[in-house]
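Residue numbering for the sequence shown follows this note's numbering, beginning at 25 and increasing consecutively.
Idealized CB from N, CA, C, for every residue including glycine.
Computed from a prediction, not measured in an experiment: that's the story for all the values here.
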Amino acid sequence: MSKEHDNKFTLKMVGLSDFKFTVGETKNVDYSITKGQPWSGVTTKTKDDSAIITVKAGRKKSSDVAKWFKESIENGSAIGCQTIDKLPSKLNFACKGTMSFTHGGKSYSGVDIIIAQGSTAALRNNWWIGGPNMTTINDFPAGILSIIGQNFNQGNLLKAKVTFTVFAGDVSSMSMNIISI
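Shown next, in the form of structure tokens:
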């Protein structure tokens with residue numbers, strides 16, 4: 025029997041507010057889940073300088089979902105928690121959407137961001153983030169496993185690069201930062 029879970033993923037950034045991750049704004053397929061697994065969508069909330077993304081879905085991994093994730097990223101980049109793999113081989117689910125938030129009194133928005141859940145060799149559910157507009161950032165300080173970034177807009181103007189960082193020990197969370205451009 026397939027069971028639906030409240031799968032929680034946290035993005036941390038001091039000063040973050042009004043966070044939203046909206047799936048389903050394009051006419052393309054906006055999510056992938058293993059056949060027969062429940063899917064009830066995505067909700068978000070902002071709490072204590074963190075964005076909490078809850079995906080209501082089943083947790084049965086498959087290579088088909090990982091294939092959708094890889095195809096959706098195209099020539100972009102991705103990172104995962106507690107893994108040295110560049111891309112996942114199996115995932116429970118993946119979804120694509122628009123991420124928006126307020127920081128320092130300014131509103132930011134980024135499109136085609138893909139969030140997914142898989143599992144580690146230790147059988148812990150880990151998270152992935154990526155997209156066709158994401159790029160890998162090198163030169164990592166000690167304790168950081170990976171950093172990727174994407175340009176975000178403020179209104180119609182390009183204002184900043186938002187980075188997503190995985191630190192050693194992160195499983196269900198990542199850090200977010202803004203770099204002015």
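* **Boundaries (first-last residue) of the beta strand (DSSP E) holding D136** => One-based indexing of the sequence shown puts residue 136 at position 112. Looking at the DSSP string, the run of the beta strand (DSSP E) that includes D136 is 130–143.
* Do you know how far the Cα of S86 is from the Cα of T70? -> Numbered from 1 along the sequence shown, position 46 holds the residue referred to as residue 70. Numbered from 1 along the sequence shown, position 62 holds the residue referred to as residue 86. Their Cα atoms are separated by approximately 31 Å.
* Do you know whose CA, among N177, K120, A140, A102, lies nearest A189's CA? -> In the sequence shown, the residue the question calls residue 189 occupies position 165. Checking the displayed sequence, the identity of residue 189 turns out to be Thr instead of Ala. The shortest C-alpha separation from T189 is found at A102.
* **Contacts around I77, its chain only, beta-carbon distance under 6 Å, and the 5 residues preceding and following it disregarded** => Indexing the sequence shown from 1 puts residue 77 at position 53. Here the set comprises F33, F45, T68.
* Output the distance between the C-alpha atoms of N149 and I108, rounded to the nearest integer angstrom. => Sequence index remark: in the sequence shown, residue 149 carries index 125 (1-based). Sequence index remark: in the sequence shown, residue 108 carries index 84 (1-based). So the alpha carbons of these two residues sit roughly 15 Å apart.
* To do: List the endpoints of the continuous alpha helix (DSSP H) containing S87.
  => Taking the sequence shown and counting its residues from 1, one reaches residue 87 at position 63. Counting along the chain, the alpha helix (DSSP H) containing S87 begins and ends at 87–97.
* Are the beta-carbon atoms of I97 and G154 separated by less than 9 Å? -> Counting from 1 along the sequence shown, the entry for residue 97 is found at position 73. Counting from 1 along the sequence shown, the entry for residue 154 is found at position 130. Yes, they are a contact pair.
* Rounded to a whole number of angstroms, what is the C-alpha to C-alpha distance between L115 and L147? -> The sequence position of residue 115 within the sequence shown is 91, counting from 1. The sequence position of residue 147 within the sequence shown is 123, counting from 1. One C-alpha to the other measures close to 12 Å.
* Asked: Are the beta-carbon atoms belonging to I138 and A118 less than 9 Å from one another?
  -> The residue labelled residue 138 in the question sits at position 114 within the sequence shown. The residue labelled residue 118 in the question sits at position 94 within the sequence shown. A contact, by the Cβ cut-off of 9 Å.
* Assumed close pair F176, D42 - CB separation to whole angstroms, cut-off 8 Å -> Here the question's residue 176 lines up with position 152 in the sequence shown. Here the question's residue 42 lines up with position 18 in the sequence shown. Their Cβ separation, rounded to whole angstroms, is 14 Å, which puts F176 and D42 out of contact at 8 Å.
* Cβ of L35 within 9 Å of Cβ of M158? -> On the sequence shown, position 11 is the one that residue 35 refers to. On the sequence shown, position 134 is the one that residue 158 refers to. Contact flag unset, no.
* Asked: Between H29, E28, L40, D30, which lies nearest to G129 when the distance is taken from Cα to Cα?
  -> Locating residue 129 in the sequence shown gives position 105, counting from the first residue. Nearest option by C-alpha distance: L40.
* To do: Report back the beta-carbon spacing between A140 and P112 to the nearest angstrom; my notes put them in contact at under 8 Å.
  => The count along the sequence shown starts at 1 and reaches residue 140 at position 116. The count along the sequence shown starts at 1 and reaches residue 112 at position 88. Between the beta-carbon of A140 and that of P112 there is about 7 Å, and that keeps the pair under the 8 Å contact cut.
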